[in-house]
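Visitor: A single structure is presented below for examination.
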Amino acid sequence: MNRFNPRLGVDPSGTHLIADGEFVPLIIDTAWSAFADPSEDEWRTYLRTRRRQGFTAVLVSVLPIPHDRDVRPAAREPHTHRFTRLDDTFFAAARRYTRIAHEEYGLRLMITVLWNNYLPGTWGAGLTPWAVMPADARRAYVAKVAETFGDLEPIFVIGGDDHYALDSANEAYLQALATLRASAPTCLFTTHTAPNATLPDEIADRLDLHLHQSGHNAENQELTWRQPARYLARSPRKPLVNSEPPYEQHGIVNGHGRWSREEVRRASWTSVLAGATAGIGYGAHGVWMWHTPAGEFQARATSLEPWPWQEALAFPGALDVSLMARLFVDHRLHRLLPAQDLLVDPRLRLAVSPDRALVALYLPFAVEAEVRLDLSDHRVTGWDLAERAPLVPDLVGRTVFRQLTSRGDQLFVAERRT
Numbered sequence: 006m007n008r009f010n011p012r013l014g015v016d017p018s019g020t021h022l023i024a025d026g027e028f029v030p031l032i033i034d035t036a037w038s039a040f041a042d043p044s045e046d047e048w049r050t051y052l053r054t055r056r057r058q059g060f061t062a063v064l065v066s067v068l069p070i071p072h073d074r075d076v077r078p079a080a081r082e083p084h085t086h087r088f089t090r091l092d093d094t095f096f097a098a099a100r101r102y103t104r105i106a107h108e109e110y111g112l113r114l115m116i117t118v119l120w121n122n123y124l125p126g127t128w129g130a131g132l133t134p135w136a137v138m139p140a141d142a143r144r145a146y147v148a149k150v151a152e153t154f155g156d157l158e159p160i161f162v163i164g165g166d167d168h169y170a171l172d173s174a175n176e177a178y179l180q181a182l183a184t185l186r187a188s189a190p191t192c193l194f195t196t197h198t199a200p201n202a203t204l205p206d207e208i209a210d211r212l213d214l215h216l217h218q219s220g221h222n223a224e225n226q227e228l229t230w231r232q233p234a235r236y237l238a239r240s241p242r243k244p245l246v247n248s249e250p251p252y253e254q255h256g257i258v259n260g261h262g263r264w265s266r267e268e269v270r271r272a273s274w275t276s277v278l279a280g281a282t283a284g285i286g287y288g289a290h291g292v293w294m295w296h297t298p299a300g301e302f303q304a305r306a307t308s309l310e311p312w313p314w315q316e317a318l319a320f321p322g323a324l325d326v327s328l329m330a331r332l333f334v335d336h337r338l339h340r341l342l343p344a345q346d347l348l349v350d351p352r353l354r355l356a357v358s359p360d361r362a363l364v365a366l367y368l369p370f371a372v373e374a375e376v377r378l379d380l381s382d383h384r385v386t387g388w389d390l391a392e393r394a395p396l397v398p399d400l401v402g403r404t405v406f407r408q409l410t411s412r413g414d415q416l417f418v419a420e421r422r423t
């Protein structure tokens with residue numbers, strides 16, 4: 006890799022990724038259709054914006070997501086004639102876009118290889134049976150992905166939005182993983198999961214890091230703190246990221262309205278303090294499918310109509326992620342483990358490092374908070390997350406945080422003095 010985007014590895018602790026020995030938080034934006042839709046100038050505009058905001062990675066899909074995309078004229082496609090021929094022009098452009106992201110902007114692409122719709126029997130194939138890829142075409146496609154991207158060292162994301170409950174689909178993912186590992190041995194590998202997915206050991210054991218998804222459904226928001234426990238219970242530990250909390254301004258599935266900046270931020274901080282400490286994912290509803298007035302979004306019935314991508318790129322929640330990116334690095338938040346047993350009020354979130362040198366307290370609303378820890382030898386800093394502004398904490402004795410005048414959520418970080 007070039008010096009601007011050095012080779013990624015997994016820290017021996019299993020908690021986070023490193024490059025040149027330094028912690029690299031995965032601050033992931035979502036642009037699934039990046040290879041299909043934006044012009045090269047648009048791609049650079051997008052990358053420049055997200056780089057400036059502190060993002061470190063972009064999640065994309067080589068294959069279009071057939072039930073969840075913008076259909077519009079002139080979209081680039083990886084296949085022609087019903088999977089009978091791979092389009093070399095598409096793959097050449099995708100390789101060029103990857104090099105631009107890596108070499109000009111230092112943003113690592115996380116390239117999703119097999120979205121579940123393309124495998125028979127999956128829930129996505131039930132929605133789009135015409136999109137199921139024959140086995141021989143699938144193998145040729147995976148080989149082309151390896152040839153196109155392997156030397157550029159993206160993070161390969163083997164599957165897309167699956168529950169990994171179907172043996173035949175899992176076998177296809179494992180075959181793809183084996184092909185890609187053989188061709189790109191220096192790359193890292195993970196997979197993208199649907200909400201409530203349970204990864205089988207034969208897949209989980211072959212991955213370098215884990216992505217989980219709390220998603221966009223009203224009934225699934227407890228997954229921000231329930232799902233990480235399943236991954237933390239695995240051995241050995243591997244870096245974990247909630248790659249898909251609700252996207253900003255996405256429709257609240259099985260609910261009413263749209264996910265606000267405040268709700269996205271709450272899901273994100275809850276995820277991190279629940280143990281998904283290797284980074285965070287973000288999506289702007291309009292960017293991830295690259296929506297334009299000429300496009301027809303296929304999932305508007307549940308996800309609601311997107312904003313044009315240029316407007317969605319300016320959603321304020323991306324700046325909340327910017328602050329989170331800074332705090333990840335400043336405080337090395339990858340050290341945290343959930344510690345709800347040390348909280349008096351279970352509505353709040355608390356995480357501590359194993360040696361208790363680092364403590365992080367998240368308040369989703371202004372309230373007094375008591376922790377069962379002696380913080381007298383810690384330096385405590387605070388943030389009004391809605392305003393993205395520092396807060397001066399008001400501690401009573403060693404353990405009680407008095408309620409502060411703040412209309413939004415708050416974060417307090419305590420670090421032991423050395």
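Counting with this note's numbering, you get residues 6 to 423 for the letters of the sequence shown. Glycine included, C-beta positions come from ideal geometry on N, C-alpha and C.
1) Would you report the Cα separation of Met329 and Val118, rounded to the nearest angstrom?
2) For Thr196, which of Pro313, Ala187 and Leu179 has the nearest alpha-carbon?
3) Of the residues Arg55, Arg422 and Ser38, which one's Cα is nearest the Cα of Ala319?
4) Assign Glu392 to one of two classes, buried (16 or more other C-beta atoms within 10 Å of its C-beta) or exposed (fewer than that).
5) In whole angstroms, give me the CA-to-CA distance for Met6 and Pro398.
6) From Trp312 to Ala362, what distance separates their C-alpha atoms?
7) Would you call the stretch 299-318 in contact with the stretch 333-344, where contact means no fewer than 3 C-beta pairs closer than 8 Å?
8) Run through DSSP, which three-state label would Met500 get?
9) Between which two residues does the alpha helix (DSSP H) containing Thr275 stretch?
10) State the beta-bridge partners of Ser66 as determined by DSSP.
11) With C-beta atoms as the reference, is Ser381 less than 7 Å away from Arg352?
12) So, under 8 Å CB-CB, Asp414 and Leu368 are touching, yes? Tell me the CB distance rounded to an integer number of Å.
13) For the stretch 300-354, list the alpha helix (DSSP H) runs that are entirely contained and at least 4 residues long, ordered along the chain.
14) So, helix, strand or coil for Gly262, using DSSP?
15) With a CB to CB cut of under 7 Å and the five nearest residues on each side skipped, what residues in its chain are close to Arg8?
16) Does the stretch 16-36 touch the stretch 89-105, meaning 3 or more C-beta pairs lie closer than 8 Å?
17) Name the residue from Glu108, Ser18 and Asn10 whose alpha carbon lies nearest to the alpha carbon of Ala24.
18) What residue range is occupied by the uninterrupted alpha helix (DSSP H) comprising Leu237?
19) Where does Val372 sit, in a helix, a strand or coil, going by DSSP?
20) Tell me which same chain residues have a C-beta within less than 8 Å of the C-beta of Ala283, skipping the five on either side of it?
21) Using DSSP with H/G/I as helix, E/B as strand and the rest coil, what is Val1?
22) Closer than 8 Å by C-beta to Thr184: which residues in its own chain qualify, once you throw out the five before and the five after it? Chain order, please.
23) Tell me whether Ser273 is buried or exposed, calling it buried when 16 or more other Cβ atoms sit within 10 Å of its Cβ.
24) Compare the C-alpha of Gly322 against each of Pro43, Ala356 and Gly286 and name the closest.
25) Relative to the C-alpha of Ala425, which candidate in Ser308, Pro17 and Ala356 has its C-alpha closest?
26) Spatial neighbours of Val401 within its chain, please: C-beta separation below 8 Å, excluding the five flanking residues on both sides.
27) Does the distance from the C-beta atom of Leu277 to that of Asn222 stay below 7 Å?
28) With respect to the beta strand (DSSP E) encompassing Ile163, which residues constitute its N-terminal and C-terminal limits?
29) Under 8 Å Cβ to Cβ from Ile105, same chain only, skipping five residues before and after it: list those, please.
30) Whose CA, out of Thr307, Glu227, Ala394 and Phe417, lies closest to the CA of Glu375?
31) Going by C-alpha to C-alpha distance, which of Pro139, Ile116, Leu112 and Arg113 sits closest to Pro125?
32) Taking the straight line between their C-alpha atoms, what separation do you get for Val209 and Val364?
33) Within 10 angstroms of its Cβ, does Ala199 collect 16 or more other Cβ (buried), or is it exposed?
34) Apart from the five residues just before and just after Pro241, which ones in its own chain have a Cβ nearer than 7 Å to its Cβ?
35) Could you name the residues of the same chain whose beta carbon sits closer than 7 Å to that of Trp293, not counting the 5 residues immediately before and after it, in chain order?
36) Look up Asp75 in the DSSP assignment and say whether it is helix, strand or coil.
Guide: By the coordinates alone:
1) 28 Å
2) Leu179
3) Ranking Arg55, Arg422 and Ser38 by Cα distance to Ala319 puts Arg55 first.
4) exposed
5) Caution applies to Met6, whose pLDDT of 48 falls short of 50 and renders its modelled position unreliable; the model cannot decide the point.
6) 43 Å
7) no
8) Because residue 500 is not part of the residues shown, which for the chain are 6 to 423, the question remains open.
9) Arg266 to Leu278
10) DSSP links Ser66 through a beta bridge to Thr117.
11) no
12) Confirmed, about 6 Å.
13) 305-308, 314-317 and 322-336
14) Coil at Gly262, not helix or strand.
15) Annotation note: pLDDT 49 at Arg8 (below 50); position unreliable, coordinate value reported separately. Taken in chain order, the list of residues that qualify is empty.
16) Too few Cβ pairs lie closer than 8 Å, so no.
17) Asn10
18) Leu228 to Leu237
19) coil
20) Exclusion of the five residues before and after Ala283 leaves Thr20, His21, Leu22, Pro30, Leu31, Leu214, Pro244, Leu245, Val246 and His339 as the residues of its chain whose Cβ lies within less than 8 Å of its Cβ.
21) Nothing about residue 1 can be read from this structure; the chain reaches only from 6 to 423.
22) Arg144, Val147, Ala148 and Ala151
23) Result: buried.
24) When each option's Cα is compared against that of Gly322, the closest is Gly286.
25) There is no way to answer for residue 425, as the model of the chain reaches only from 6 to 423.
26) Arg407
27) Checking the sequence, you will find Val at residue 277 rather than Leu. Going by C-beta atoms, Val277 is not nearer than 7 Å to Asn222.
28) Element bounds for Ile163: Ile160 to Gly165.
29) Glu45, Trp48, Arg49 and Leu52
30) Phe417
31) Pro139
32) Checking the sequence, you will find Ala at residue 209 rather than Val. In a straight line, the C-alpha of Ala209 is about 30 Å away from that of Val364.
33) Counting other Cβ atoms within 10 Å of its Cβ, Ala199 reaches 16 or more and is therefore classed as buried.
34) Gly19
35) Thr35, Ala36, Trp37 and Tyr252
36) strand
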